[in-house]
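Encoded as structure tokens, the structure appears first; notes follow it.
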Amino acid sequence: MTPPAIIKAAKAEGLDIIGISDHNSAENVVAAIEAGAAEGVTVIGGIEVQTVEDVHVLTFFPCVDTLFRWQDEVYSALPDIENDEKRFGEQLLMDSNGNVTGKLRTFLLASTSLSVDYVGKRVRELGGLVIPAHIDRPSFSLIRNLGFVPDTLLPCCVEISKNTSSGSAKERFSSIAGLPVIKSSDAHRLSEISAYTEILMEEASWEELLLALAFVGGRSIRPLDIVC
Amino acid sequence: MTLFQSLGSDGMDRRVTVGDIAKELECEVVAGKSCLDNEVSFGYSSDLLSDVMAGAGPGDVWVTVQVHQNIIAVASLTGISAIIVAGGAAPADETVLRANEEGIPLLTTAKPSFEVAGRLYSMGIRGRVKT
Numbered sequence: 147m148t149p150p151a152i153i154k155a156a157k158a159e160g161l162d163i164i165g166i167s168d169h170n171s172a173e174n175v176v177a178a179i180e181a182g183a184a185e186g187v188t189v190i191g192g193i194e195v196q197t198v199e200d201v202h203v204l205t206f207f208p209c210v211d212t213l214f215r216w217q218d219e220v221y222s223a224l225p226d227i228e229n230d231e232k233r234f235g236e237q238l239l240m241d242s243n244g245n246v247t248g249k250l251r252t253f254l255l256a257s258t259s260l261s262v263d264y265v266g267k268r269v270r271e272l273g274g275l276v277i278p279a280h281i282d283r284p285s286f287s288l289i290r291n292l293g294f295v296p297d298t299l300l301p302c303c304v305e306i307s308k309n310t311s312s313g314s315a316k317e318r319f320s321s322i323a324g325l326p327v328i329k330s331s332d333a334h335r336l337s338e339i340s341a342y343t344e345i346l347m348e349e350a351s352w353e354e355l356l357l358a359l360a361f362v363g364g365r366s367i368r369p370l371d372i373v374c
Numbered sequence: 307m308t309l310f311q312s313l314g315s316d317g318m319d320r321r322v323t324v325g326d327i328a329k330e331l332e333c334e335v336v337a338g339k340s341c342l343d344n345e346v347s348f349g350y351s352s353d354l355l356s357d358v359m360a361g362a363g364p365g366d367v368w369v370t371v372q373v374h375q376n377i378i379a380v381a382s383l384t385g386i387s388a389i390i391v392a393g394g395a396a397p398a399d400e401t402v403l404r405a406n407e408e409g410i411p412l413l414t415t416a417k418p419s420f421e422v423a424g425r426l427y428s429m430g431i432r433g434r435v436k437t
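Protein chains in written order, with the working numbering: chain A, 147 to 374; chain B, 307 to 437.
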């Protein structure tokens with residue numbers, strides 16, 4: 147799963163814009179952005195933060211400088227545990243051609259000490275987007291772990307997994323009422339990359355994405371409800 | 307119901323109150339001090355709030371390590387008598403504030419959840435069985 151291979155698969159699936167959000171890290175985002183730029187695929191860089199409550203929150207940023215500032219905060223909130231490669235696999239760093247340039251020592255699959263409320267507040271301060279991840283899933287979900295969307299979190303939307311429809315999510319989780327819903331592949335393998343959300347916007351950019359999230363000027367976001 | 311031992315020195319049968327628990331387990335009461343007379347029906351132990359919403363009931367004492375403000379809303383919703391935050395976790399300021407607003411006793415202890423549940427059981431409190 148190298149950056150160019152991800153971009154190639156995304157392009158083959160007809161995707162114009164994708165989000166890259168590794169677990170507690172953004173190290174490979176620049177490689178993905180560069181690989182995407184070469185092929186005309188817009189890459190929004192982010193981090194999937196695991197909060198102290200074991201909740202996964204997607205955090206996305208318009209520029210890599212802010213993203214890496216946020217990454218520093220996430221890293222300093224991680225326990226100092228070394229990755230056990232035999233159990234959890236390698237944490238590889240790559241360039242935009244897919245060459246391995248290094249490895250991360252710190253174990254990324256742990257929870258940070260950051261609360262979901264802090265993540266929400268801080269990411270909004272830094273100009274990023276806050277999206278509770280796969281809220282319908284039985285684990286690492288905001289709804290599963292904390293019962294409902296806290297009224298102070300103010301996410302820009304919520305993410306549902308590819309295994310559910312937005313209609314059934316809205317029925318099951320009343321606290322997401324009024325929030326836009328996106329559906330994502332959460333692809334951990336190339337074969338899982340596919341389009342799950344249709345966004346109507348003028349171009350595949352961060353600015354247009356913000357306008358689409360606000361449904362401004364005919365722009366819209368619509369999960370594709372083909373349950374797999 | 308005869309699940310509850312008398313704690314009174316007068317030999318009268320009465321339900322365990324939140325105040326009894328705070329004293330017996332040497333908990334710190336960080337919020338809801340005016341509601342220590344709340345009577346306790348059953349015990350519930352879980353850190354998944356969706357599970358508590360579905361399984362806990364009126365009068366329960368709830369043991370958790372979660373400190374997010376949502377625990378207060380969940381307690382309010384289900385009619386929980388008190389929350390014991392175990393394992394030395396410190397409730398967020400907002401959580402304490404909301405507990406006082408909602409009148410939910412919020413107790414903290416360094417004892418781990420396992421030991422808290424064991425102590426509560428010794429006091430005669432039994433686990434709520436989901437219906």
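Beta carbons are placed, not taken as given, at the ideal position from N, Cα and C, and that holds for glycine.
Everything numeric in this text was worked out from a predicted model, so none of it was measured.
(message) For a contact defined as C-beta to C-beta under 8 Å, what are the partners of Gly-376 (chain B) on chain A?
(response) In the second sequence, residue 376 (chain B) corresponds to position 70, counting from 1. Looking at the sequence itself, residue 376 (chain B) is Asn, so the reference to Gly does not match. Here the neighbours are Leu-292, Gly-293, Phe-294 and Pro-296.
(message) Assuming contact is defined by CB atoms lying nearer than 8 Å, are Ile-327 (chain B) and Ala-388 (chain B) in contact in what I supplied?
(response) Here residue 327 (chain B) refers to the residue found at position 21 when the second sequence is read from its first residue. Here residue 388 (chain B) refers to the residue found at position 82 when the second sequence is read from its first residue. A contact, by the Cβ cut-off of 8 Å.
(message) Classify Ala-392 (chain B): buried if its beta carbon has 16 or more other beta carbons within 10 angstroms, exposed otherwise.
(response) What you label residue 392 (chain B) is simply residue 86 of the second sequence in a count that begins at 1. Ala-392 (chain B) comes out buried.
(request) Mark Gly-363 (chain A) as exposed unless 16 or more other C-beta atoms lie within 10 angstroms of its C-beta, in which case mark it buried. (result) If you number the first sequence from 1, residue 363 (chain A) lands on position 217. So Gly-363 (chain A) counts as exposed.
(message) Tell me whether the segment 264-280 of chain A and the segment 168-182 of chain A touch, counting them as touching only if at least three CB pairs, one residue from each stretch, are closer than 8 Å.
(response) no
(request) May I ask you to list, following chain order, the residues of the segment 381-405 of chain B that have a beta carbon less than 8 Å from some beta carbon of chain A? (result) Ala-398 and Glu-400
(request) Using a Cβ-Cβ cut-off of 8 Å, state whether His-271 (chain A) counts as contacting chain B. (result) Here residue 271 (chain A) refers to the residue found at position 125 of the first sequence. For the sequence presented, residue 271 (chain A) should be read as Glu rather than His. No, Glu-271 (chain A) lies away from the interface with chain B (no Cβ there is under 8 Å from its Cβ).
(message) For His-374 (chain B), count the other beta carbons within 10 Å of its own beta carbon; 16 or more makes it buried, fewer makes it exposed. Which is it?
(response) Counting from one through the second sequence, the residue named residue 374 (chain B) turns up at place 68. Buried, by the Cβ-count rule.
(request) Kindly identify the DSSP beta-bridge partner or partners of Gln-196 (chain A). (result) As a first step, residue 196 (chain A) must be located in the first sequence, where it is residue number 50. DSSP lists A:His-202 as partners of Gln-196 (chain A).
(request) With DSSP collapsed to three states, give me the class of Thr-384 (chain B). (result) Locating residue 384 (chain B) in the second sequence gives position 78, where the first residue counts as 1. The answer is helix: DSSP assigns Thr-384 (chain B) an H, G or I state.
(message) So if DSSP puts Phe-207 (chain A) in a beta bridge, which residue, or which two residues, is it bridged to?
(response) Reading the first sequence from its first residue, position 61 is the one you call residue 207 (chain A). Beta-bridge pairing links Phe-207 (chain A) to A:Gly-191.
(message) Please give the ranges of any alpha helix (DSSP H) in the segment 316-391 of chain B, keeping only runs that are unbroken, at least 4 residues long and fully inside the region.
(response) 324-330, 355-361 and 376-384
(message) Let me confirm a value: Phe-207 (chain A) is counted as buried when at least 16 other C-beta atoms fall within 10 Å, else exposed. Which label applies?
(response) Residue numbering aside, residue 207 (chain A) sits at position 61 when the first sequence is read from its first letter. With 16 or more other Cβ atoms within 10 Å, it is buried.
(message) Can you pull out the residues from the segment 331-357 of chain B whose beta carbon lies closer than 9 Å to at least one beta carbon of chain A?
(response) Asp-353, Leu-354, Leu-355, Ser-356 and Asp-357
(request) Would you give the residue range spanned by the beta strand (DSSP E) that Arg-368 (chain A) belongs to? (result) For this step, residue 368 (chain A) is matched to residue 222 along the first sequence. From DSSP, the beta strand (DSSP E) with Arg-368 (chain A) extends over 366-369.
(message) Here's a check: name, in chain order, each residue in its chain whose Cβ is nearer than 6 Å to the Cβ of Thr-440 (chain B), leaving out the five neighbours to either side.
(response) The first residue shown for chain B is 307 and the last is 437, placing residue 440 (chain B) beyond what the model contains.
(request) Give the DSSP-derived three-state secondary structure of Leu-346 (chain A) in the structure shown. (result) As a position in the first sequence, residue 346 (chain A) is number 200, starting the count at 1. Strand at Leu-346 (chain A).
(message) Looking at the strands, I want to know which residues DSSP matches up with Ser-171 (chain A).
(response) Along the first sequence, read from residue 1 onward, the residue named residue 171 (chain A) stands at position 25. DSSP output for Ser-171 (chain A) lists A:Asp-168 as bridge partner(s).
(request) Using a cut-off of 7 Å between C-beta atoms, extract the partners of Ile-190 (chain A) located in chain B. (result) On the first sequence, residue 190 (chain A) is found 44 positions in, with the first residue counted as 1. Within 7 Å Cβ-Cβ: nothing; Ile-190 (chain A) doesn't reach chain B, min ~28 Å.
(request) Spell out the partners DSSP gives Thr-414 (chain B) in its beta bridges. (result) Counting from 1 along the second sequence, the entry for residue 414 (chain B) is found at position 108. For Thr-414 (chain B), which the question treats as bridged, DSSP gives the partners B:Glu-334 and B:Val-391.
(message) In this structure, how does DSSP classify Glu-408 (chain B) when only helix, strand and coil are distinguished?
(response) Locating residue 408 (chain B) in the second sequence gives position 102, counting from the first residue. In this structure, Glu-408 (chain B) counts as helix in the three-state DSSP scheme.
(message) Could you tell me the alpha carbon to alpha carbon distance between Val-380 (chain B) and Pro-150 (chain A), rounded to whole angstroms?
(response) Here residue 380 (chain B) is taken as the residue at index 74 of the second sequence, counted from 1. Here residue 150 (chain A) is taken as the residue at index 4 of the first sequence, counted from 1. One C-alpha to the other measures close to 46 Å.
(request) Note the first and the last residue of the continuous alpha helix (DSSP H) segment covering Leu-359 (chain A). (result) Position 213 of the first sequence, counted from the first residue, corresponds to residue 359 (chain A). Per DSSP, Leu-359 (chain A) belongs to the alpha helix (DSSP H) from 352-359.
(request) Identify the contact partners of Met-429 (chain B) in chain A, using a Cβ-Cβ distance below 9 Å as the criterion. (result) Position 123 of the second sequence, counted from the first residue, corresponds to residue 429 (chain B). The premise fails here: Met-429 (chain B) is roughly 27 Å from chain A at the closest Cβ pair, so nothing lies under 9 Å.
(request) Check the Cβ-Cβ distances between Val-262 (chain A) and every residue of chain B, and say whether any is below 8 Å. (result) The residue given as residue 262 (chain A) occupies position 116 in the first sequence. So yes, Val-262 (chain A) belongs to the interface.
(message) Rounded to whole angstroms, what is the Cα-Cα separation between Asn-344 (chain B) and Arg-432 (chain B)?
(response) To locate residue 344 (chain B), count along the second sequence from 1; it is residue 38. To locate residue 432 (chain B), count along the second sequence from 1; it is residue 126. Computed Cα separation, rounded: 17 Å.
(request) Report the three-state DSSP secondary structure of Lys-232 (chain A) (helix, strand or coil). (result) By one-based count along the first sequence, residue 232 (chain A) stands at place 86. Three-state DSSP puts Lys-232 (chain A) in a helix.
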